[in-house]
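To keep things clear, I will list the structure first and then write my remarks on it.
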Amino acid sequence: MGRHTDKVGDAFPRAPSQEEWERMGQEERDRVVATLPGEVTYEEMAMPEGDDHQEPKALAREALRGYFKRRGRRAYVGSELPVYYPAERRFAPDLLVVLDVENHRRKKWFVSHEGHGLDWVMEIHVGGDRKKDAEYNVSRYARLGIPEYFIFDGGRLALEGYRLATPDARVYTRMESRNGRFTSEVLGLDLQVEGEDVRFWAGNAPLLVSEEFIERLEDQTMTLQRRAQEESRRADEESRRADEEARRANEAERRFKELEAELARLKKSQG
């Protein structure tokens with residue numbers, strides 16, 4: 000169970016149909032979950048495309064994971080994870096999000112077992128034929144009922160977004176951007192291309208990754224340090240000024256006493 004043959008004759012592992020899954024007992028289900036591979040073959044994967052492909056994916060994943068963690072919302076954010084829809088040929092998106100599920104490490108996403116399909120997917124295209132991401136996946140992900148699908152074209156530094164207009168729709172509606180920014184209703188975030196990567200926004204606040212947090216904290220620390228040094232300098236200056244004023248006051252008092260003594264002496268000599 001769990002292996003089916005594709006219409007073109009391949010024998011890549013597949014999950015059973017939903018009907019087959021529902022007929023299984025728990026022991027048989029556990030066996031299927033255990034035997035479905037947690038990796039894909041070279042025949043199923045795109046050719047490696049270096050940092051231009053890896054960096055945007057890693058940064059986006061880190062930003063999203065941090066965002067959901069800070070909000071205290073349960074969400075799973077995965078990358079290149081084998082995904083098994085019932086009786087469908089498996090696939091491994093560059094980036095995927097499933098909301099309101101437990102966030103623990105997984106080797107695969109088995110829809111029937113998890114009880115939830117994918118909510119959001121992004122593919123990153125760098126070079127070569129765009130047909131898989133821009134045509135085949137647009138059709139396939141819509142048919143599978145994935146609510147939103149984004150394509151980041153790292154070669155052209157362009158972003159495309161697709162959404163199911165209704166939960167029952169199985170054809171995507173292409174999103175329109177506003178000044179280059181797209182709104183993901185699923186994530187509750189905006190997306191736009193920034194430099195060579197995709198930047199996520201929560202309202203007017205950009206989602207930062209750890210390196211950016213560190214840089215921002217370092218900048219804030221340096222600012223506070225400079226401010227403390229300036230305050231210390233001012234305090235020292237004020238202390239020196241106070242000391243000088245005290246010295247002058249003491250000198251004036253000493254001079255006054257000398258004059259007072261001299262005046263008394265003169266008065267005594269005249270008397």
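Using numbering that gives the first Met the number 0, the first residue of the sequence shown is number 0, and each one after it goes up by one. We put the CB at the ideal spot given by N, CA and C, even for glycine.
Report task. Could you check how far apart the C-beta atoms of V208 and E61 are, in whole angstroms? I think they sit under 8 angstroms. Result -> So it is a contact: roughly 5 angstroms between Cβ atoms.
Report task. May I ask you to list the residues that DSSP assigns as paired with I150? Result -> Beta-bridge pairing links I150 to E122, E159.
Query raised in the report: Does the beta-carbon distance from I150 to G116 come in below 9 angstroms?
Result: Contact flag unset, no.
Query - Contact check, G187 vs A164, beta carbons under 9 angstroms - result: Result no, Cβ atoms of G187 and A164 do not sit closer than 9 angstroms.
Query raised in the report: Going by other Cβ atoms of all chains shown within 10 Å of its Cβ, with 16 needed for buried, is H103 buried or exposed?
Result: The residue is exposed, with fewer than 16 neighbouring Cβ atoms inside 10 Å.
Query raised in the report: With burial defined as no fewer than 16 other Cβ atoms inside 10 Å of the residue's Cβ, what is the status of G77: buried or exposed?
Result: By the beta-carbon neighbour count (other beta carbons within 10 angstroms, threshold 16), G77 is buried.
Query raised in the report: According to the neighbour-count rule (16 or more other Cβ atoms, all chains shown, within 10 Å of its Cβ), is F255 buried or exposed?
Result: With a threshold of 16 other beta carbon atoms within 10 Å, F255 falls short and is exposed.
Query raised in the report: Is there contact here, the stretch 173-181 with the stretch 36-45, by at least three beta-carbon pairs under 8 angstroms?
Result: The answer is no - the stretch 36-45 does not touch the stretch 173-181, with fewer than three Cβ pairs under 8 angstroms.
Query - Selection from M121, A33, K68, Y66 that minimises the alpha carbon distance to K56 - result: With distances taken between Cα atoms, K56 lies closest to M121.
Requested in this report: May I ask you to report which of helix, strand or coil DSSP gives T165?
Outcome: Coil at T165, not helix or strand.
**Report entry** Backbone CA spacing between K6 and R162 [nearest angstrom]
**Finding:** Only weak support exists for where K6 lies, its pLDDT of 43 falling under 50; the value from the coordinates is given anyway. Near 28 angstroms, if we compare the C-alpha coordinates of R162 and K6.
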